[in-house]
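Single-structure report; data block below.
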Amino acid sequence: MLIARSGWASLHPRPFILLAASLLLLPEYGLHAQSGVRGKVVVPANDEFAEELLRERSLTRYEMHLHTSGDPVQPYRLSEKAVIYLESTAAASAAYDPPALHPQLDQSQMLFRPLVLPVLRGTTVDFPNNDDLFHNVFSYSQPKEFDLGRYPRGHRRSVRFDRAGVVNVYCDIHSYMYATILVLENPYFAVPGNDGGYTIDHVPPGAYRITFWYGRKKVSERPLLLEEGKTTVVNFDY
Amino acid sequence: MGISGTRLVVVGWATLAIVSAATCQLRLSEQASAAFIKADGGYSQYALNRGRATFAWRLDLFADAALSGNIFFMSNLRMLQDQVIHVDLFAIRFADLASTGLNLEAGEIELPFGNLGERRFPRSNPFYSLPLTHEHVTTLRSSDYSLWPSTPYFAIAGDGVRILDQGLYDLGVKLYGGAGMFDFWFALMNGMVSATSTYSTGYGPSGLNTNNRMGIIGRLAMTPLTGLTLGGSYAAGPFLKEGVAYNPGGGYDPSDIDQNIVEADLDFSLEHAALYAELFYNVWTFNEAIGSDLKAFGYSVEGSYAPLPRFLIALRAGGLRFNDVSVDTYNGTSFIQRYEGPWDHDVFRLEGALGYRLERSVLVKLVYQWNRTYRVAEDPADNVLVMQAVVSF
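Line by line, the protein sequences are chains A and B.
Position one of the first sequence corresponds to residue 287 (the numbering used here), numbered consecutively onward.
Position one of the second sequence corresponds to residue -19 (the numbering used here), numbered consecutively onward.
Structure (structure tokens):
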């Protein structure tokens, strides 16, 4: 997946093999009228995304000295690269208030953080630049096309996302930089904690699709029936 | 390079790529472009294909490998419709030497002269060609230092060296680094910026040093605020090849005749606009050999603006001016007449470009070049229209 899109090739076998995602659906009885879903995601211990991005960054032919100094880059935390979300026809037609606080897609150490940012449709996302050089954030994705131009460290630009879908974000100056904004139709999504655990509460009962997004792609998608007052456990393996 | 040489390059490059891939991670990428070109039919080096409408293509292949945390291999091949493969870059980079922040590159390197950067490649160049200083073919040949100012074909069609040899690559070594707002580069190379050893025609084995000295380049740039870079470069060294055809001054070694060139550049960008400007002053030191130095002054100012996502508008103006000389011209066998006047013809080019990105990796351009030649009896008709599609992956 990432290999093909980023142009990386290797004759080495991958340190891990993409396993077929598995789902464990274990009903559990709760006390509330509304439903919920919780579970745990298990992903490889190493951070393949950060490793590849840093390798690409090291091969930059210009501005090279700017990233050979400074603090070492931290690997992406699980919460920066994984999202679990629910979709349904009924939930899509409902109206939800976007959060007043703007989520951020940071440009720092010549990388985007987080790698995946889930937002509710109608949300405004801020794009702060925290590097001592320019980036030029843009997207040509169907839900939202934008080109933020160049602005210095400490400044930010904002974009409101009114259509649901996948927004692939790039930097026009540093072509290896990418991130994904998932514009979702309902607020029933979660990012896992560092232990892989996640919880989505206060979900109206009904039929949904539950999706596990990891890095650049949708890893697993399954139907899910949420019964009133019950919390369902759904685990994912990558 | 003939076809056997071409095959050798492909096999060698592919072998290296495979070896690199076996031992480390390798990044392969490409830029492919196809163009439709229609020039006016005047007698000019800019009137590509003598004014006949034509298609052209170009392919740039990049293979870069991270051999370790601070050792890298960088390469790119360039192919054109003539099907000759040019190895532009083939270098090993040692980054952050002994944790000093210094970097060393050796092999066939990108010469640190000026600030062309990624604009040398079709994907990042809003125009079809490079600035005139990199493109204009002068009347001065590096193989026999003949001057042909009074011969119309060579004077206007061009048969010599460029002031800067297109994308600027040569065999050598460069050391570079940065401190605070300053960046610096120093390079040694076989050839010279006007006549790189790899591609200049003439005598001696291609690629190797063909005279007694090496070329040197120094560059210093400062970035006082994000988006503004001011730089200056200097290069000096011999550009002629030993074994040249004649020796007009008597007793002069080709290695005694240098190219000295100084350059200043500005790079400014903010929001959706970018501005690049460069000034050049160049001297080929022929005074003692033929009685006149050959001088050239060049400039280029380029602005671009992205009014909407996907769209780009760009405008570039550039020109070259040449000094008057008083020399005996040579026809290949004897000196034929005294010539007094400019040793090449002043030129000016105004270019406008519209760019549109169909996808992130697909760019289409429409470019128009308005070319003017001065100090000639008749300004040749040599305006050029180009439509180009660039795909990168």
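C-beta atoms are modelled at their ideal positions from N, C-alpha and C, and glycine is treated no differently.
Could you tell me the distance, in whole angstroms, from the CA atom of residue i to the CA atom of residue j?
| i | j | result |
| --- | --- | --- |
| E431(A) | V369(A) | 23 Å |
| G381(B) | L338(B) | Lying before the first or after the last residue shown, residue 381(B) is absent from chain B, which here runs from -19 to 373. |
| I293(B) | G325(A) | 51 Å |
| L311(A) | T518(A) | Only weak support is given to the placement of L311(A): the predicted model assigns it a pLDDT of 38, under 50, and the value that follows is read from those uncertain coordinates. Between L311(A) and T518(A), the C-alpha separation is close to 7 Å. |
| A331(A) | Y524(A) | 11 Å |
| P389(A) | V411(A) | 5 Å |
| L255(B) | D145(B) | 23 Å |
| Y462(A) | S9(B) | 12 Å |
| E98(B) | D68(B) | 13 Å |
| F52(B) | V344(B) | 32 Å |
| T34(B) | N416(A) | 47 Å |
| R58(B) | L39(B) | 6 Å |
| G87(B) | H421(A) | 31 Å |
| I270(B) | F260(B) | 23 Å |
| T178(B) | H460(A) | 30 Å |
| L28(B) | L419(A) | 39 Å |
| P204(B) | M161(B) | 6 Å |
| S379(A) | L82(B) | 58 Å |
| A361(B) | T119(B) | 19 Å |
| A377(A) | G408(A) | 15 Å |
| V329(A) | L364(A) | 8 Å |
| T190(B) | I89(B) | 18 Å |
| I486(A) | L47(B) | 44 Å |
| E337(A) | P361(A) | 8 Å |
| Y484(A) | R341(A) | 31 Å |
| G147(B) | H66(B) | 11 Å |
| G278(B) | E366(A) | 50 Å |
| S435(A) | V445(A) | Sequence inspection shows Gly at residue 435(A); the Ser mentioned does not correspond to that position. Their backbone Cα atoms lie some 12 Å apart in a straight line. |
In three-state terms, what does DSSP make of residue i?
| i | result |
| --- | --- |
| E410(B) | No answer is possible for residue 410(B): it lies beyond the span of chain B, which begins at -19 and ends at 373. |
| N267(B) | helix |
| R103(B) | coil |
| D68(B) | strand |
| K221(B) | coil |
| H488(A) | strand |
| N83(B) | strand |
| D359(B) | coil |
| I303(A) | Legend: pLDDT at I303(A) = 33, less than 50; position of this residue unreliable, value from coordinates given subsequently. The answer is coil: DSSP assigns I303(A) none of H, G, I, E or B. |
| D448(A) | coil |
| E98(B) | helix |
| L317(A) | With a pLDDT of 44 at L317(A), under the threshold of 50, the modelled position of that residue is not reliable, and the figure given next carries that caveat. Coil. |
| F134(B) | Summary for F134(B): the model assigns pLDDT 49, below 50, so the residue's position carries little reliability, and this model does not support an answer. |
| S177(B) | coil |
| S235(B) | helix |
| G335(B) | strand |
| R508(A) | strand |
| A376(A) | helix |
| L6(B) | strand |
| F335(A) | helix |
| T119(B) | coil |
| R341(A) | helix |
So, residue i versus residue j, is the Cβ gap smaller than 7 Å?
| i | j | result |
| --- | --- | --- |
| A333(B) | P106(B) | yes |
| G283(B) | S249(B) | no |
| D150(B) | G171(B) | yes |
| D273(B) | R301(B) | no |
| V405(A) | T466(A) | no |
| I143(B) | A297(B) | no |
| V141(B) | S174(B) | yes |
| L372(A) | Y494(A) | yes |
| A215(B) | I241(B) | yes |
| V520(A) | V323(A) | yes |
| G479(A) | V327(A) | no |
| A36(B) | Q11(B) | no |
| V453(A) | P429(A) | yes |
| V469(A) | F447(A) | yes |
| D308(B) | P322(B) | no |
| R290(B) | Y319(B) | no |
| N262(B) | S235(B) | no |
Sorry if obvious, but does the Cβ on residue i come closer than 6 Å to a heavy atom of the ligand GDP?
| i | result |
| --- | --- |
| F432(A) | Only the bare structure without any ligand can be found here, which leaves the ligand GDP out of the picture. |
- Of the residues that make up the segment 429 to 443 of chain A, which ones have a beta carbon closer than 8 Å to any beta carbon in chain B? E431, F432, D433, G435, R436, Y437, P438, R439
- May I ask you to list, following chain order, the residues of the segment 33 to 53 of chain B that have a beta carbon less than 7 Å from some beta carbon of chain A? D44, A46, F52
- At which residue ranges does the segment 393 to 430 of chain A contain complete beta strand (DSSP E) runs of 3 or more residues, listed in the order of the chain? 397 to 399, 402 to 406, 409 to 414, 422 to 425
- Between the segment 285 to 305 of chain B and chain A, which residues of the former have CB atoms less than 7 Å from a CB of the latter, in chain order? A286, P289, R290
- Item | Residues within the segment 243 to 276 of chain B neighbouring chain A, beta-carbon criterion of under 9 Å | S249, L250, E251, H252, A253, A254
- Query: According to a CB-to-CB cut-off of less than 9 Å, which residues of the segment 195 to 215 of chain B neighbour chain A?
  - Reply: T203, L205, T206, G207
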